[in-house]
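For reference, the structure is listed below as structure tokens.
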Amino acid sequence: MTKAAIIILAGTEGHENLGRLANGLEAAAEFAQNDEDDLELIFDGAGTQWIPELEDEDSDYHELYQSLKDDVAVCDYCSGAFGVEDAVADAGLVTLDDHDGHPSIRSLVDDDYEVITF
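Letter by letter, the sequence shown follows residues 1 to 118 of the UniProt record's numbering.
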């Protein structure tokens, strides 16, 4: 069993960040396909900006994102800082605020997750 925490930090500006998103979602899908693996897909920092776009049915990555949605969580502080808290709430996503409003990376490491960032 593998425990993977994939964290999307890349914002929405530029092709390189779109590539990071695509690679992060594809990596998450690979872990999600194995029933024995435990996946956490976390949108943090500027990565929270992707939520409204991924919720849009016209997005190229909407279907892939939807297939992973049960494993998605979002940084509570960053969703507010980047102005997407309403989209996160409308999507019904879990927000993480274990460490001063942010996800606790230490807790993930302590729980034996491999932390992978995009």
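The beta carbon of each residue, even a glycine, is placed where N, CA and C say it ideally should be.
These numbers were taken from a predicted model, which means no experiment stands behind them.
Under the three-state DSSP convention, the category residue i falls into
i: residue 5; result: strand
i: residue 72; result: strand
i: residue 93; result: coil
i: residue 13; result: coil
i: residue 59; result: coil
i: residue 121; result: What the structure shows of the chain is the stretch from 1 to 118, and residue 121 is not part of that stretch, so it cannot be assessed.
i: residue 110; result: helix
Residue range of the beta strand (DSSP E) that includes residue i
i: residue 38; result: 38-43
i: residue 120; result: Nothing in the structure corresponds to residue 120, since the chain is present only between 1 and 118.
Residue range of the unbroken alpha helix (DSSP H) whose run includes residue i
i: residue 53; result: 50-55
i: residue 84; result: It is not in any alpha helix (DSSP H) - residue 84 carries neither H nor E in the DSSP assignment.
i: residue 104; result: No alpha helix (DSSP H) holds residue 104; DSSP gives it neither H nor E.
Integer Cβ distance of residue i from residue j, believed to fall under 8 Å
i: residue 8; j: residue 31; result: Actually they are not in contact, since the Cβ atoms of residue 8 and residue 31 sit about 14 Å apart, beyond 8 Å.
i: residue 27; j: residue 52; result: Contact doesn't hold; Cβ gap of about 22 Å is too wide.
i: residue 20; j: residue 118; result: 4 Å
Looking at C-beta atoms only, is the number of pairs between the region 1-17 and the region 34-44 that lie closer than 8 Å three or more? yes
Could you tell me whether the region 95-114 touches the region 52-70, using the rule of 3 or more Cβ pairs below 8 Å? no
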